[in-house]
Each structure stands twice: as structure tokens, then as C-alpha cells.
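Residue numbering for the sequence shown follows the working numbering, starting at -1 and increasing by one per position.
These notes are about the structure you will find just below.
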Amino acid sequence: MWMPHQLGYGTVKPPHSLAAGSRFGRYRPEEEKQVRKVQVSVDPVLEQLKTLWKEHKMDHTKCNQTDEGNRYYLAIVGLLGEKRIRYTPQDVEGFSLAMAEFQGERTFSHAIGYFLSALINSGPSRRYTIHTSHLEKAPSFIGYENVRSIVIEGQGGFGVGSGMIRGSIHVKGNAGNQAGQDMTGGKLIVEGHVEDFVGLGMMGGKIHVKGNALGCGVGRAMDGGTIVVDGDASPSGFAIDKERGTIIVKGKMGDKQGIVMTEKGYPDGDW
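Below is the structure:
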């Protein structure tokens, strides 16, 4: 801030000094005040979960192999018990928001879903919320072998609810390929649309798609359970190798308006 020159003996008074003094004279040096320090709190539980993620990676050369995913999931479950990390559903939700900093890693989209599933299934509560809307790509395999109740605020990604045993998964957005594959129980609800092979190889439980299932292979190799599609479905690869279970399409499927398929096949007429 510009301050007026102090005048002394022999000092030449600058032009317009009176005007300047009248304009800025009201500004006085502020009294010294104590500066409040900004308190930056670090969540110790969140840091523990982030450290666990950083120190234990999935082999990127095998990340597309289902067996490798299962081994990674079991390894994280074991480490959570070994390290005795105490966490709450709020900690898991917080981690799901913080995981954006890792999304540039090579195995992120595959491994993070198994990691979250291990946290949820090993956790102390029945209900969990996961956020995915802030990510560039939705994680795969959220709800792997699920036994809890999960709400996914965002997209479900590839293989959401894969191998689900019981409980529920509610996806507020869309889901990727193979939603609910190999599930044996529980309920998967998708508010939006699903892509290819929804219910692939499922043996039990229920999948409810409130949008469309326009990808190929709805109910492929299905051996139990129920798939309900409120919107339209693609006839391409529909229920190939299906042995048991029920598929209900309330919208259009090809040239048909609504259809029900059970172990006995299609009924006569439209549904």
C-alpha cells in the first residue's frame, strides 16, 4: 500500500500532497492480530485404507483373469483381518470418494471393485454406499460375492454383482456388461440400462432392470433366478443355452411387445 512520505526539515513537499493526504489519511497500520492457524485434519482410518490399496496391487498382466480377481479379493479380506483395521460404512463411503486419485493406475478399474467388495463383505454393517459418478470410468466387479446391501451412486461398471450370494445392490445409474453374472442369490436393481450378457450364468436371485437391455445375450446360460426388464430388450443371443429361470421383458423385444420365458419356453401370444 502506498503511504505518504514523511516530511522533514528541508524536504520538498510533493505536489498535491494535501489531496493525497485527504484520500489516504484514514488508513492506519492495522493493529497486530493473532493469525489463526488452519487445522488440517487427517482421517487415520482413511489413510489406513489408502495405504492398504497402495501396498497391495493386483498383477496387471492377469487382471482380466477371473481367478486372479478372486485371489486378489481373498487376499484383501485376509489382510483386513490380519491388520485389524476398524472401519465404518462412512469410512468405506469416504474411501470410494477418495479413490479418484488412483484412477490413473493400470489395474484400477478391475482391482478397485474387488477391493471395495472385500471392505464391504468384511465390514461390521449391513448397509453401504459407494460413489462412482466422480470417476472417469466406473469400476468393475463392485459387489463381488456380495452378502450386504449396497447402494451405488453412479454407474455400475462391468460385472457389477458378479457372484452375488445374498443381500442387494441398487445401481442408481447404468450397468456395464455381464451385470449379475454367476449370482446365486440376492437382488440386483439397475435404475438405468444394462449392456451385454446381463444375468450371464446366473443360478439364483433376481435382476431388475428398470431401463433397457439392448445389448446381446440377455440371460445367456442362465440356470435359475429371475430377470425382469421394464424397458426394451434385444433378441440377439436372447437366453442362449438357458436351462432354468424366468425372463420377463415388459417392453419390446424385436417385433414382440412383452414376453415371458420360463423353463417351459415362451407362452403363446404376447405378454
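From the three backbone atoms N, C-alpha and C, an ideal C-beta is built for every residue, glycine too.
Quick one: Cα of residue i to Cα of residue j, how far?
i      : j      : result
Gly249 : Ile128 : 30 Å
Asp221 : Asp239 : 9 Å
Phe106 : Lys262 : 43 Å
Gly157 : Gln176 : 5 Å
Phe93  : Gly252 : 43 Å
Ile187 : Thr49  : 32 Å
Glu189 : Ser234 : 22 Å
Gly223 : Gly79  : 33 Å
Pro122 : Asp65  : 27 Å
Gly141 : Leu212 : 23 Å
Ile118 : Phe100 : 19 Å
Glu28  : Lys81  : Caution applies to Glu28, whose pLDDT of 47 falls short of 50 and renders its modelled position unreliable; the value that the coordinates give is listed next. Going by the C-alpha atoms only, they are around 54 Å apart.
Arg69  : Gln255 : 44 Å
Asp57  : Glu103 : 12 Å
Helix, strand or coil for residue i, going by three-state DSSP, please let me know.
i      : result
Gly243 : strand
Thr127 : strand
Lys254 : strand
Asp221 : strand
Thr43  : First, the amino acid is wrong: residue 43 is Val here, not Thr. The answer is helix: DSSP assigns Val43 an H, G or I state.
Gly215 : coil
Glu189 : coil
Gly76  : helix
Val196 : coil
Lys31  : Per-residue confidence for Lys31 stands at a pLDDT of 46, beneath the threshold of 50, marking its modelled position as unreliable; no derived number is given.
Gly229 : coil
Gly249 : strand
Glu261 : coil
Glu143 : coil
Ser166 : strand
Ala173 : strand
His132 : coil
Given a cut-off of 8 Å, decide if residue j and residue i are closer than it, judged by their beta-carbon atoms.
i      : j      : result
Ala173 : Val192 : yes
Val226 : Val196 : no
Phe113 : Ile150 : no
Ala237 : Ile246 : no
Tyr126 : Val90  : yes
His132 : Ala96  : no
Asp180 : Gly199 : yes
If residue i sits next to residue j, beta carbons under 8 Å apart, how far is it from one beta carbon to the other, in whole angstroms?
i      : j      : result
Ile148 : Ile167 : 5 Å
Gly184 : Gly165 : 5 Å
Ser115 : Phe139 : 7 Å
Ser232 : Val216 : 7 Å
Leu77  : His54  : 6 Å
Gly178 : Gly159 : 5 Å
Ala136 : Gly154 : 6 Å
Tell me whether the segment 77 to 90 and the segment 40 to 60 touch, counting them as touching only if at least three CB pairs, one residue from each stretch, are closer than 8 Å. yes
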